[in-house]
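Here the structure comes first, spelled out in C-alpha coordinates, and everything after it is commentary.
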Amino acid sequence: MSYLETTKDVYRDAALTPDVGLCCTTNPIWELPGLKIPRIMQEMNYGCGTTVHARDLTNSPRILYVGVGGGMELLQFAYFSRQKSGVVGVDVVDEMLEASRKNFQEAEEMNPWFSSDFVDLKKGDATDLPVEDNSIDVAAQNCLFNIFKTEELTKALKEMYRVLKPHGRLVMSDPTCEQEMNEELRNDERLRALCLSGSLSIKDYVKALTDAGFGTIEIRARKPYRILDPKNYPTDELIYIESIEVAAIKDPMPEDGPCIFTGKAAIYYGEDDHFDDGKGHVLLKNQPLAICDKTAGALASIGRDDIYISESTFHYDGGGCC
258 MSYLETTKDV
268 YRDAALTPDV
278 GLCCTTNPIW
288 ELPGLKIPRI
298 MQEMNYGCGT
308 TVHARDLTNS
318 PRILYVGVGG
328 GMELLQFAYF
338 SRQKSGVVGV
348 DVVDEMLEAS
358 RKNFQEAEEM
368 NPWFSSDFVD
378 LKKGDATDLP
388 VEDNSIDVAA
398 QNCLFNIFKT
408 EELTKALKEM
418 YRVLKPHGRL
428 VMSDPTCEQE
438 MNEELRNDER
448 LRALCLSGSL
458 SIKDYVKALT
468 DAGFGTIEIR
478 ARKPYRILDP
488 KNYPTDELIY
498 IESIEVAAIK
508 DPMPEDGPCI
518 FTGKAAIYYG
528 EDDHFDDGKG
538 HVLLKNQPLA
548 ICDKTAGALA
558 SIGRDDIYIS
568 ESTFHYDGGG
578 CC
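For the sequence shown, this note's numbering assigns the number 258 to the initial residue and increments by one for each residue that follows.
Have a look at this one:
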(Lines of atoms letter the chains of each structure in order from A and count residues from 1; the text may use other names and numbers.)
(Lines give C-alpha, C1' and ligand atoms only; values in the text may rest on other atoms or scores of the structure.)
Protein backbone atom coordinates (compact mmCIF):
# COMPACT_ATOMS: atom_id res chain seq x y z
CA MET A 1 0.00 0.00 0.00
CA SER A 2 1.38 3.42 -0.97
CA TYR A 3 1.61 6.30 1.51
CA LEU A 4 -1.20 8.05 -0.38
CA GLU A 5 -3.51 5.08 0.12
CA THR A 6 -2.55 4.98 3.80
CA THR A 7 -3.42 8.67 4.05
CA LYS A 8 -6.84 8.09 2.45
CA ASP A 9 -7.52 5.28 4.94
CA VAL A 10 -6.53 7.46 7.93
CA TYR A 11 -8.85 10.29 6.91
CA ARG A 12 -11.64 7.98 5.83
CA ASP A 13 -11.66 6.63 9.38
CA ALA A 14 -11.45 10.18 10.77
CA ALA A 15 -14.50 11.16 8.69
CA LEU A 16 -16.57 8.21 9.91
CA THR A 17 -15.44 8.55 13.54
CA PRO A 18 -14.17 12.05 14.43
CA ASP A 19 -10.82 11.88 16.17
CA VAL A 20 -10.08 15.05 18.16
CA GLY A 21 -6.40 15.95 17.85
CA LEU A 22 -5.82 13.13 15.35
CA CYS A 23 -2.59 14.53 14.00
CA CYS A 24 -2.64 18.20 14.78
CA THR A 25 -2.96 20.75 17.52
CA THR A 26 -6.18 22.46 18.51
CA ASN A 27 -6.32 26.08 17.33
CA PRO A 28 -8.33 29.04 18.62
CA ILE A 29 -11.66 29.36 16.86
CA TRP A 30 -12.47 32.58 15.05
CA GLU A 31 -14.83 34.80 17.04
CA LEU A 32 -16.60 36.86 14.38
CA PRO A 33 -19.99 38.59 14.58
CA GLY A 34 -22.71 36.14 13.65
CA LEU A 35 -20.36 33.21 13.02
CA LYS A 36 -21.14 30.06 14.99
CA ILE A 37 -19.14 26.90 14.32
CA PRO A 38 -20.78 23.54 15.04
CA ARG A 39 -18.99 21.45 17.63
CA ILE A 40 -18.57 18.57 15.18
CA MET A 41 -16.59 20.85 12.86
CA GLN A 42 -14.27 21.76 15.71
CA GLU A 43 -13.77 18.09 16.54
CA MET A 44 -12.88 17.41 12.90
CA ASN A 45 -10.46 20.31 12.62
CA TYR A 46 -7.50 18.28 11.34
CA GLY A 47 -5.18 21.24 10.79
CA CYS A 48 -2.05 22.66 12.40
CA GLY A 49 -2.78 26.37 12.15
CA THR A 50 -5.18 28.59 10.25
CA THR A 51 -5.37 29.68 6.64
CA VAL A 52 -8.20 32.17 7.20
CA HIS A 53 -6.90 35.75 7.29
CA ALA A 54 -9.30 38.67 6.90
CA ARG A 55 -6.84 40.76 4.89
CA ASP A 56 -6.77 38.08 2.17
CA LEU A 57 -10.55 37.98 1.91
CA THR A 58 -11.78 41.41 0.81
CA ASN A 59 -14.30 42.01 -2.00
CA SER A 60 -15.98 38.57 -1.82
CA PRO A 61 -13.14 36.54 -3.33
CA ARG A 62 -13.49 33.11 -4.95
CA ILE A 63 -11.72 30.66 -2.67
CA LEU A 64 -10.35 27.16 -3.13
CA TYR A 65 -9.67 24.91 -0.14
CA VAL A 66 -8.00 21.53 -0.66
CA GLY A 67 -8.49 18.80 1.96
CA VAL A 68 -11.86 19.76 3.44
CA GLY A 69 -11.73 18.06 6.85
CA GLY A 70 -14.98 18.66 8.72
CA GLY A 71 -15.63 21.91 6.85
CA MET A 72 -14.64 24.41 9.55
CA GLU A 73 -12.30 26.52 7.45
CA LEU A 74 -14.70 26.29 4.50
CA LEU A 75 -17.40 27.80 6.72
CA GLN A 76 -15.02 30.52 7.88
CA PHE A 77 -14.09 31.32 4.29
CA ALA A 78 -17.78 31.42 3.32
CA TYR A 79 -18.28 34.10 5.99
CA PHE A 80 -16.18 36.41 3.80
CA SER A 81 -17.55 35.23 0.43
CA ARG A 82 -21.32 34.96 0.75
CA GLN A 83 -22.17 33.86 -2.76
CA LYS A 84 -23.13 30.65 -4.51
CA SER A 85 -20.01 28.50 -5.08
CA GLY A 86 -17.88 31.30 -3.65
CA VAL A 87 -15.86 28.62 -1.88
CA VAL A 88 -14.72 25.44 -3.63
CA GLY A 89 -13.75 22.51 -1.41
CA VAL A 90 -11.79 19.61 -2.93
CA ASP A 91 -11.06 16.27 -1.30
CA VAL A 92 -10.10 12.81 -2.51
CA VAL A 93 -11.96 11.01 0.30
CA ASP A 94 -15.68 10.47 -0.36
CA GLU A 95 -16.48 9.99 3.32
CA MET A 96 -14.88 13.33 4.23
CA LEU A 97 -16.88 15.13 1.57
CA GLU A 98 -20.08 13.53 2.85
CA ALA A 99 -19.24 14.43 6.45
CA SER A 100 -18.71 18.07 5.42
CA ARG A 101 -22.06 18.18 3.60
CA LYS A 102 -23.78 16.92 6.73
CA ASN A 103 -21.91 19.41 8.92
CA PHE A 104 -22.96 22.29 6.65
CA GLN A 105 -26.60 21.43 7.27
CA GLU A 106 -25.99 21.95 10.98
CA ALA A 107 -24.09 25.16 10.23
CA GLU A 108 -27.11 26.47 8.30
CA GLU A 109 -29.31 26.01 11.37
CA MET A 110 -26.84 27.93 13.56
CA ASN A 111 -25.97 30.73 11.08
CA PRO A 112 -28.89 32.57 9.41
CA TRP A 113 -26.52 34.17 6.89
CA PHE A 114 -25.07 30.83 5.69
CA SER A 115 -26.34 28.66 2.85
CA SER A 116 -24.76 25.32 1.94
CA ASP A 117 -24.62 26.35 -1.71
CA PHE A 118 -22.01 28.94 -0.76
CA VAL A 119 -19.62 25.94 -0.73
CA ASP A 120 -19.15 23.76 -3.81
CA LEU A 121 -17.71 20.40 -2.70
CA LYS A 122 -15.86 18.45 -5.39
CA LYS A 123 -14.18 15.06 -5.51
CA GLY A 124 -10.65 15.64 -6.70
CA ASP A 125 -6.94 15.24 -6.18
CA ALA A 126 -4.56 18.01 -5.15
CA THR A 127 -2.25 17.00 -7.99
CA ASP A 128 -5.03 17.31 -10.60
CA LEU A 129 -7.51 19.92 -9.41
CA PRO A 130 -11.02 20.03 -10.96
CA VAL A 131 -10.80 23.83 -11.20
CA GLU A 132 -10.37 26.20 -14.16
CA ASP A 133 -7.11 28.06 -14.87
CA ASN A 134 -6.78 31.57 -13.38
CA SER A 135 -10.16 31.38 -11.64
CA ILE A 136 -9.29 31.55 -7.91
CA ASP A 137 -8.42 34.59 -5.77
CA VAL A 138 -7.30 32.70 -2.65
CA ALA A 139 -6.26 29.05 -2.52
CA ALA A 140 -5.56 27.30 0.77
CA GLN A 141 -4.54 24.01 2.33
CA ASN A 142 -3.94 23.11 5.97
CA CYS A 143 -1.65 20.29 7.02
CA LEU A 144 -1.91 18.41 3.72
CA PHE A 145 0.99 19.23 1.44
CA ASN A 146 3.58 18.21 4.02
CA ILE A 147 2.27 14.66 3.58
CA PHE A 148 3.41 14.63 -0.05
CA LYS A 149 6.73 13.36 -1.28
CA THR A 150 8.70 15.52 -3.71
CA GLU A 151 6.98 14.44 -6.93
CA GLU A 152 3.46 14.91 -5.59
CA LEU A 153 4.33 18.15 -3.79
CA THR A 154 5.72 19.64 -7.00
CA LYS A 155 2.54 18.70 -8.89
CA ALA A 156 0.26 20.05 -6.14
CA LEU A 157 2.02 23.42 -6.00
CA LYS A 158 1.96 23.74 -9.79
CA GLU A 159 -1.77 23.03 -9.72
CA MET A 160 -2.35 25.73 -7.11
CA TYR A 161 -0.31 28.16 -9.20
CA ARG A 162 -2.32 27.22 -12.31
CA VAL A 163 -5.76 27.90 -10.82
CA LEU A 164 -4.85 31.19 -9.12
CA LYS A 165 -5.50 34.52 -10.79
CA PRO A 166 -2.50 36.85 -11.26
CA HIS A 167 -1.58 38.25 -7.82
CA GLY A 168 -3.80 35.62 -6.19
CA ARG A 169 -2.44 33.97 -3.08
CA LEU A 170 -1.88 30.48 -1.78
CA VAL A 171 -2.23 30.35 2.01
CA MET A 172 -0.83 27.29 3.76
CA SER A 173 -0.24 25.88 7.23
CA ASP A 174 2.10 22.92 7.59
CA PRO A 175 4.54 21.33 10.04
CA THR A 176 8.23 22.01 9.37
CA CYS A 177 11.36 20.49 10.86
CA GLU A 178 14.95 21.71 10.71
CA GLN A 179 16.36 18.44 12.04
CA GLU A 180 17.28 15.55 9.78
CA MET A 181 14.97 12.54 10.18
CA ASN A 182 16.24 9.00 9.74
CA GLU A 183 14.99 6.79 6.92
CA GLU A 184 12.73 4.77 9.22
CA LEU A 185 10.82 7.92 10.20
CA ARG A 186 10.74 9.31 6.66
CA ASN A 187 9.41 6.04 5.25
CA ASP A 188 6.80 5.38 7.94
CA GLU A 189 3.59 5.73 5.91
CA ARG A 190 1.28 6.26 8.86
CA LEU A 191 3.51 8.90 10.46
CA ARG A 192 3.59 10.70 7.12
CA ALA A 193 -0.21 10.49 6.92
CA LEU A 194 -0.35 11.98 10.42
CA CYS A 195 1.66 15.03 9.28
CA LEU A 196 4.76 14.08 11.30
CA SER A 197 7.45 12.48 9.17
CA GLY A 198 7.07 14.42 5.92
CA SER A 199 8.03 17.83 7.35
CA LEU A 200 10.44 19.91 5.27
CA SER A 201 12.83 22.53 6.58
CA ILE A 202 11.61 26.11 6.16
CA LYS A 203 14.31 26.69 3.54
CA ASP A 204 13.19 23.70 1.46
CA TYR A 205 9.52 24.60 1.99
CA VAL A 206 10.05 28.12 0.64
CA LYS A 207 12.18 26.82 -2.25
CA ALA A 208 9.37 24.49 -3.31
CA LEU A 209 7.05 27.51 -3.52
CA THR A 210 9.45 29.70 -5.47
CA ASP A 211 10.30 26.79 -7.81
CA ALA A 212 6.57 26.63 -8.59
CA GLY A 213 6.78 30.27 -9.73
CA PHE A 214 5.49 32.29 -6.77
CA GLY A 215 7.36 35.60 -6.75
CA THR A 216 6.46 36.74 -3.21
CA ILE A 217 6.50 34.61 -0.06
CA GLU A 218 5.21 35.78 3.35
CA ILE A 219 6.03 33.79 6.48
CA ARG A 220 3.24 34.84 8.80
CA ALA A 221 3.74 32.64 11.83
CA ARG A 222 6.06 29.97 13.20
CA LYS A 223 4.83 28.08 16.26
CA PRO A 224 5.78 25.04 18.38
CA TYR A 225 3.94 21.93 17.21
CA ARG A 226 5.14 18.46 18.26
CA ILE A 227 8.03 16.45 19.70
CA LEU A 228 9.03 13.06 18.32
CA ASP A 229 10.82 11.27 21.16
CA PRO A 230 12.73 7.94 21.32
CA LYS A 231 10.18 6.36 23.67
CA ASN A 232 7.31 6.70 21.23
CA TYR A 233 8.88 6.98 17.79
CA PRO A 234 11.71 5.29 15.85
CA THR A 235 14.33 7.96 16.56
CA ASP A 236 17.46 8.14 18.71
CA GLU A 237 17.01 11.85 19.50
CA LEU A 238 14.29 14.34 20.26
CA ILE A 239 12.96 15.90 17.08
CA TYR A 240 11.25 19.28 17.37
CA ILE A 241 8.52 20.10 14.83
CA GLU A 242 7.07 23.55 14.25
CA SER A 243 3.89 24.71 12.56
CA ILE A 244 4.37 27.41 9.94
CA GLU A 245 1.81 29.66 8.27
CA VAL A 246 2.80 30.96 4.85
CA ALA A 247 1.24 32.92 1.98
CA ALA A 248 2.68 32.52 -1.51
CA ILE A 249 1.57 35.23 -3.93
CA LYS A 250 1.35 34.75 -7.70
CA ASP A 251 3.42 37.82 -8.45
CA PRO A 252 5.82 37.87 -11.38
CA MET A 253 9.22 36.51 -10.39
CA PRO A 254 11.63 39.49 -10.03
CA GLU A 255 14.79 39.35 -12.13
CA ASP A 256 16.91 39.29 -8.97
CA GLY A 257 14.92 36.49 -7.34
CA PRO A 258 11.83 36.10 -5.16
CA CYS A 259 10.83 38.47 -2.38
CA ILE A 260 10.73 36.43 0.83
CA PHE A 261 9.38 38.09 3.97
CA THR A 262 10.57 36.37 7.16
CA GLY A 263 9.65 39.16 9.56
CA LYS A 264 12.69 41.41 9.18
CA ALA A 265 12.49 45.17 9.63
CA ALA A 266 14.81 48.12 8.95
CA ILE A 267 15.03 51.12 11.28
CA TYR A 268 16.81 54.33 10.28
CA TYR A 269 18.09 56.43 13.18
CA GLY A 270 20.36 58.99 11.47
CA GLU A 271 20.37 62.79 11.53
CA ASP A 272 17.90 63.35 8.66
CA ASP A 273 14.15 62.83 8.85
CA HIS A 274 14.36 59.90 6.43
CA PHE A 275 16.70 57.76 4.37
CA ASP A 276 16.05 56.99 0.70
CA ASP A 277 18.23 54.34 -0.95
CA GLY A 278 17.07 55.45 -4.41
CA LYS A 279 15.64 51.99 -5.12
CA GLY A 280 12.16 52.46 -3.73
CA HIS A 281 12.94 52.04 -0.03
CA VAL A 282 12.28 55.12 2.10
CA LEU A 283 12.97 54.72 5.83
CA LEU A 284 11.39 57.34 8.08
CA LYS A 285 13.44 58.15 11.15
CA ASN A 286 12.86 55.62 13.94
CA GLN A 287 9.91 54.06 12.10
CA PRO A 288 10.43 50.32 11.52
CA LEU A 289 9.73 49.23 7.95
CA ALA A 290 9.01 45.60 7.10
CA ILE A 291 11.41 44.40 4.42
CA CYS A 292 12.02 41.18 2.54
CA ASP A 293 15.24 39.27 3.08
CA LYS A 294 16.60 40.44 -0.27
CA THR A 295 16.12 44.11 0.66
CA ALA A 296 17.63 43.45 4.10
CA GLY A 297 20.77 42.20 2.41
CA ALA A 298 20.92 45.17 0.05
CA LEU A 299 20.52 47.71 2.87
CA ALA A 300 23.09 45.94 5.01
CA SER A 301 25.59 45.98 2.14
CA ILE A 302 25.50 49.80 2.07
CA GLY A 303 27.50 49.72 5.30
CA ARG A 304 25.78 52.61 7.07
CA ASP A 305 26.01 52.90 10.85
CA ASP A 306 22.54 54.46 11.20
CA ILE A 307 20.38 51.66 9.83
CA TYR A 308 19.45 48.70 11.99
CA ILE A 309 18.30 45.45 10.36
CA SER A 310 16.43 43.13 12.69
CA GLU A 311 16.74 39.36 12.70
CA SER A 312 13.94 37.28 11.18
CA THR A 313 11.00 37.10 13.56
CA PHE A 314 9.15 34.67 11.28
CA HIS A 315 6.05 36.78 11.79
CA TYR A 316 4.78 39.02 9.01
CA ASP A 317 1.39 40.73 8.76
CA GLY A 318 1.81 42.83 5.65
CA GLY A 319 3.00 46.31 4.78
CA GLY A 320 6.52 47.47 4.18
CA CYS A 321 8.21 47.31 0.82
CA CYS A 322 10.45 45.13 -1.26
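For each residue, glycine too, the CB sits at the ideal point set by N, CA and C.
7 Å CB neighbourhood of residue i in its chain, flanking five on each side removed
i: G586; result: For residue 586 there is no data in the structure shown, the boundaries of the chain being 258 and 579.
i: R312; result: G575
i: D208; result: In the structure as shown, the chain starts at 258 and stops at 579, and residue 208 therefore has no counterpart that could be examined.
N- and C-terminal bounds of the beta strand (DSSP E) containing residue i
i: T433; result: 421-433
i: L331; result: Careful: L331 lies outside any beta strand (DSSP E), inside the alpha helix (DSSP H) at 329-337.
i: S500; result: 496-506
i: N399; result: 393-399
i: T467; result: Unbroken run through T467 is the alpha helix (DSSP H), 459-468; no beta strand (DSSP E).
i: L540; result: 539-541
i: L448; result: Where L448 is concerned, there is no enclosing beta strand (DSSP E), although the alpha helix (DSSP H) it sits in stretches over 446-450.
i: C516; result: 516-518
i: A377; result: According to the sequence provided, residue 377 is Asp. The question's Ala does not apply to it. D377 -> beta strand (DSSP E) spans 376-380.
i: H572; result: H572 -> no beta strand (DSSP E), and no H or E assigned at all.
i: F532; result: 531-533
Local conformation of residue i per DSSP, three classes
i: K265; result: helix
i: I297; result: helix
i: I404; result: helix
i: Y482; result: strand
i: K415; result: helix
i: A311; result: helix
i: A547; result: strand
i: L386; result: coil
i: Y565; result: strand
i: E475; result: strand
i: D348; result: strand
i: S373; result: helix
i: Y260; result: helix
i: E409; result: helix
i: D513; result: coil
i: L292; result: coil
First through last residue of the alpha helix (DSSP H) which encompasses residue i
i: S558; result: 550-559
i: K521; result: No alpha helix (DSSP H) holds K521; the beta strand (DSSP E) holding it covers 521-525.
i: F361; result: 351-367
i: R319; result: Run containing R319: none; DSSP gives neither H nor E here.
i: L442; result: 440-443
Contact check, residue i vs residue j, beta carbons under 9 Å
i: Q333; j: V309; result: yes
i: L273; j: E352; result: yes
i: G328; j: M301; result: yes
i: I501; j: I476; result: yes
i: I496; j: L540; result: no
i: N399; j: V420; result: no
i: D431; j: L401; result: yes
i: I393; j: G425; result: yes
i: I524; j: C549; result: no
i: P369; j: G291; result: yes
i: S357; j: V323; result: no
i: T570; j: R447; result: no
Close beta carbons around residue i, own chain, < 6 Å, minus the five adjacent residues each side
i: N543; result: Y526
i: L427; result: A396, M417, A505
i: S342; result: D377
i: A618; result: Because the chain here runs from 258 to 579, residue 618 falls outside it and cannot be looked at.
i: E363; result: P295
Own chain, CB closer than 8 Å to residue i, minus 5 neighbours either side, in chain order
i: A465; result: L410, T411, L414, L457
i: I498; result: P432, T433, C434, L453, S456, Y482, R483, I484, L485
Distance, residue j Cα to residue i Cα
i: P491; j: N444; result: 11 Å
i: A504; j: M429; result: 6 Å
i: D385; j: K551; result: 33 Å
i: G514; j: T467; result: 9 Å
i: P423; j: D493; result: 46 Å
i: V388; j: D530; result: 50 Å
i: D534; j: I559; result: 9 Å
i: V350; j: Y268; result: 7 Å
i: N489; j: E440; result: 16 Å
i: F337; j: S317; result: 6 Å
i: D562; j: L556; result: 11 Å
i: K265; j: K480; result: 27 Å
i: L289; j: S372; result: 17 Å
i: D461; j: T407; result: 11 Å
i: I320; j: Q436; result: 34 Å
i: D348; j: H572; result: 30 Å
Proximity test, residue i beta-carbon vs the ligand SAM heavy atom, cut-off 8 Å
i: P511; result: No copy of the ligand SAM appears in this structure; indeed no ligand is present at all.
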